[in-house]
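Have a look at the structure below, then the notes.
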Amino acid sequence: MTSSAIPLFAEALWVGFSIAAPVGPIGLLTIQRTLERGVRAGLATGLGAATADALYGALGALGTRLLIDALVGARVPLALLGGLVLLWMAWRVARQPLARQVAVTPASGDLLGYFGGTLVLTLSNPVTILSFIAIFGAMAGGARTVAVLPMVTGVWLGSALWWLLLAALVARWRSRIDDAWRLRIQRGSALLLAGFALWQWWGLVRA
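Note that the sequence shown covers residues 37 to 243 in our numbering.
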């Protein structure tokens, strides 16, 4: 990495961390899966979102106009798909039995499923599309294409850092949360996920 790319990398790192930090559907899923399946499950969930952020960041930085226009034009079906995925995840969370322990390491197939689910969910979020395309388009400015790599790497690492911190903190406090509270958290997470889905669809109605 050249010295001129370091400030761009640092800025992208902060952007990735800042956009990931607000608690939304992915944060709820990360918390829930960390409580039930452990740190690796929570981190896999968050990394799916981090990868989607990096992909859209690359599109914004590269300025691939045809693909960007296609994604913006497809925001309605993407929002419908994202809402369906959220409702499905809410249903899964609501009917999931409480785990008595997290000593058993999640299977690689489960981890891949957690990663893929949040990757699709984040990619189908119109807000993610528009915000990252705008932010990275502005950051790229007149920079050469070679500057795209530190930008995309920075946003991925920044987002991944947040998900690692969140999963580690939840895992640390898990032993202090009894079953009654975990059940409340589980039911509350399911309701909020369903609420996010309805809010996403309501945004289409208002548009």
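Ideal placement from N, C-alpha and C gives every residue a C-beta, glycine not left out.
Just how far apart, CA to CA, sit residue i and residue j?
i	j	result
Thr181	Leu98	At Thr181, the pLDDT of 49 sits below 50, so the modelled position is not reliable and the matter cannot be decided from this model.
Trp198	Leu148	19 Å
Ala139	Leu71	Confidence in Ala139 is poor, its pLDDT being 47 and thus under 50, which makes the residue's placement too unreliable to answer from.
Val188	Asp89	9 Å
Leu155	Ser211	29 Å
Arg128	Ser195	25 Å
Phe45	Leu64	28 Å
Trp238	Val51	28 Å
Gly21	Ile221	The structure shown does not extend to residue 21, since the chain is modelled only from 37 through 243, so no value can be given for it.
Ala126	Val184	36 Å
Leu201	Gly109	35 Å
Ala209	Arg223	Reading off the sequence shown, one finds Trp at residue 209, where the question assumed Ala. Taking the straight line from one Cα to the other gives about 19 Å.
Ala207	Pro58	19 Å
Phe53	Leu205	16 Å
On the CB-based measure, 16 or more other CB atoms within 10 Å of its CB, does residue i come out buried or exposed?
i	result
Ser160	buried
Gly152	exposed
Trp192	buried
Pro113	exposed
Ala216	exposed
Ala86	buried
Arg76	buried
Gly145	exposed
Ile171	buried
Pro43	exposed
Apart from the five residues on each side of it in sequence, which residues of its chain come closer than 6 Å, Cβ to Cβ, to residue i?
i	result
Ala48	Met187, Gly190, Val191
Gly78	Thr66, Arg69, Thr70, Ala203
Ala130	Ala226
Ala56	Ser195, Trp198
Give the DSSP-derived three-state secondary structure of residue i in the structure shown.
i	result
Asp214	coil
Ala110	coil
Ala139	Below a pLDDT of 50, predicted positions are generally treated as unreliable, and Ala139, at 47, falls in that range; no measurement from the model is reported.
Ser160	coil
Pro186	helix
Ala88	helix
Gln132	coil
Thr181	Confidence is the limiting factor: at Thr181 the pLDDT is only 49, short of 50, which leaves the residue's position unreliable, though a coordinate-based value still follows. Three-state result, Thr181: helix.
Val59	coil
Gly153	helix
Gly74	coil
So, at 8 Å on beta carbons, what are the nonlocal neighbours of residue i in its own chain, with the 5 sequence-adjacent residues on each side left out?
i	result
Leu122	Pro61, Leu157, Leu229, Ala230, Phe232, Ala233, Gln236
Ile266	Lying outside 37 to 243, the shown extent of the chain, residue 266 is not represented and no answer is given.
Give every residue of the same chain whose Cβ lies closer than 7 Å to the Cβ of residue i, excluding the five residues on either side of it in the sequence, and list them in chain order.
i	result
Leu117	Ser160
Ala80	Leu147, Tyr150, Phe151
Leu83	Phe151, Ala196, Trp199
Ala94	Val184, Val188
For residue i, would you say it is in contact with chain B, using Cβ-to-Cβ distances shorter than 8 Å as the test?
i	result
Phe232	Absent from the structure is chain B; it holds one protein chain and no more.
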